[in-house]
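Here the structure is laid out as structure tokens; the discussion comes afterwards.
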Amino acid sequence: MENKVKSLIEAAENAINSAVTNLKELDDVRVKFLGKKGEFTTLVKIMGELAAEEKPRIGKIINDARTQIKNLIDDKKAALKAQELQNKLASEKIDVTLPGRKIYRGHLHPLTLTLNRVKEIFIHMGYTVEEGPEVETDYFNFEALNLPKDHPARDMQDSFYITEEILMRTQTSPVQARTMQKNNANAPIRMIAPGRVYRRDDYDASHSPMFTQIEGLVIDEGITFADLKGTLDFFCKKIFGETAQIRLRPSFFPFTEPSTEVDVSCMMCHGKDEHCKVCHGSGWLEILGAGEVHPDVLAMSGYDPSKVSGFAFGMGIERIAMLTYGIDDLRLFFENDVRFLNQF
Ligand code: DAH
93 MENKVKSLIE AAENAINSAV TNLKELDDVR VKFLGKKGEF TTLVKIMGEL
143 AAEEKPRIGK IINDARTQIK NLIDDKKAAL KAQELQNKLA SEKIDVTLPG
193 RKIYRGHLHP LTLTLNRVKE IFIHMGYTVE EGPEVETDYF NFEALNLPKD
243 HPARDMQDSF YITEEILMRT QTSPVQARTM QKNNANAPIR MIAPGRVYRR
293 DDYDASHSPM FTQIEGLVID EGITFADLKG TLDFFCKKIF GETAQIRLRP
343 SFFPFTEPST EVDVSCMMCH GKDEHCKVCH GSGWLEILGA GEVHPDVLAM
393 SGYDPSKVSG FAFGMGIERI AMLTYGIDDL RLFFENDVRF LNQF
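Counting from 93, one number per residue, gives the positions in the sequence shown under this note's numbering.
In structure tokens:
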């Protein structure tokens, strides 16, 4: 009997020390030796067959052995748990020397960036920023700008009408009349009005049925064409660089008299490359329309043309952005391809 116990202890010791590699296997060993149907239970049963005087001695041996094995298992359990923790710490180790991962962030759209630059230049010159609705009345979009119904110049801007009197504005110019009409008569104005405009145009590399304009209007006593020219020259140098020059060509707009179209010197070739893709060798790029505010436009909105005068201008933001960023297809602004947008 004693030998049997001894060999059981040895067997258990062997099993625990050599075979067991995880807590599950250790528990299997526990069940095998100490479990209800384990080796020791069998031993205890055999004890019944022993002589009465032998029982206490053998019983003690068996109990001691059981305790010994239990201790061995507990020790092993603690060791395995410690090992498991070590493994976990090792596998989840954080390498604090690794460079950080870049967070992918959105940013402003190139048109917004351009619009902000333009706005900033005029705000620095003391202009206020006005707004008007994109769904506009025929009155503000055309009539108050000296374009009565059936005026042929309405054909210059093919419009999206909603009803006979309401349309998507074709230009930001209606904000001129709106600003004058909300002011006291003849009060000085120095404002810009950025926003979206809509026209029944094709959608191609240089046209879009929706695009962005910025309007300018200055009214005060003694405002002349020279003020307009100086302002636009300053603006172009700020936005295109100090070497930029402007050229004024006579033109026609119903709301200005005289009217002009303004070109800026080509910032790509400076007029030196006859094959230039941007100016096609002319050296000049058309960027905006402008003029002295027509007396009738002033009068229609409550300003007295014998007391005050003014100038106005309007330009397309897409065009400015294309020229400053060197973009040759307008549609890129509206298609939201991140490969394009990420470059700004
Ligand atoms: N509204 C004109 C257009 O969309 C641009 C324009 C020309 C605006 C002359 C003006 C101006 O204020 O004076 O084509």
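Backbone N, C-alpha and C define an ideal beta-carbon position, used for all residues, glycine too.
In this structure, DSSP gives His299 an extended state, which the three-state scheme calls strand. Note on Gly287: 16 or more other CB atoms within 10 angstroms of its CB, so buried under the neighbour-count rule.
Under the DSSP definition of a beta bridge, Ile338 partners with Val356. Under the 10 Å beta carbon count, Tyr395 is surrounded by 16 or more other beta carbons and is classified as buried.
Comparing C-alpha distances from Leu433 to each of Lys128, Arg209, Arg122, Leu200 shows the shortest one belongs to Leu200. The beta carbons of Met260 and Tyr290 sit closer together than 7 Å.
In the structure shown, the three-state DSSP call for Gly322 is helix. Annotation: the segment 139-194 contains the following complete segments of the alpha helix (DSSP H) (minimum length 4 residues), in chain order: 147-183.
For Gln305, the three-state secondary structure derived from DSSP is strand. The straight-line gap separating the alpha-carbon atoms of Tyr196 and Gly381 is approximately 40 Å.
Spatial neighbours of Pro266 in its own chain (CB-CB distance under 6 Å, excluding positions within 5 residues in sequence) are listed in chain order as Gly224, Glu228, Phe232, Asn233.
Short note on Gly406: C-beta closer than 6 Å to some heavy atom of ligand 1. Rounded to whole angstroms, Thr416 and Lys321 show a C-alpha spacing of 21 Å. Taking the Cα of Asp388 as reference, the smallest distance to any Cα among Ile409, Ala269, Cys358, Val430 is reached at Ala269. Closer than 6 Å to some heavy atom of ligand 1: that does not describe the Cβ of Ser251.
Annotation for Thr271: the continuous alpha helix (DSSP H) segment containing it runs 266-274.
By the 16-neighbour rule on beta-carbons within 10 angstroms, Pro346 is buried.
In the DSSP assignment, Glu427 is bridged to no other residue. Looking from the CA of Asn278, the closest CA among Gln160, Gly406, Ala391 belongs to Ala391. Here Asp250 is exposed, its C-beta having fewer than 16 other C-beta atoms within 10 Å. Fewer than three Cβ pairs drawn from the segment 147-155 and the segment 206-217 lie within less than 8 Å of each other, which leaves the two stretches out of contact. A straight line joining the alpha-carbon of Val188 with that of Ala171 spans about 29 Å. Distance from the Cα of Val112 is smallest, within the candidate group Phe425, Lys168, Arg149, for Lys168.
Taking all protein chains in view, the Cβ of Glu334 is surrounded by fewer than 16 other Cβ atoms within 10 Å, so the residue is classified as exposed. In this structure, Ile331 lies away from Ile311, with their beta-carbon atoms at least 7 Å apart. Under the three-state reduction of DSSP, Arg122 is assigned to helix. Membership of Met283 in any alpha helix (DSSP H) is not indicated; the residue belongs instead to the beta strand (DSSP E) covering 281-290.
Put simply, of Ile165, Lys162, Leu340, Gly363 the residue whose alpha carbon is nearest the alpha carbon of Glu353 is Leu340. In this chain, the beta strand (DSSP E) harbouring Thr229 covers 227-229.
Per DSSP, the beta-bridge partners of Val310 are Arg282, Phe403. For Ile101, there is no enclosing beta strand (DSSP E); the residue is found in the alpha helix (DSSP H) stretching over 94-106. Put simply, the backbone Cα of Asp325 is about 14 Å away from that of Met359. In terms of side-chain proximity, the C-beta atom of Ser265 is found nearer than 6 Å to a non-hydrogen atom of ligand 1. Cβ atoms of Phe436 and Leu237 stay farther apart than 8 Å, at about 34 Å.
In the DSSP assignment, Met392 falls within the alpha helix (DSSP H) that extends over 387-392.
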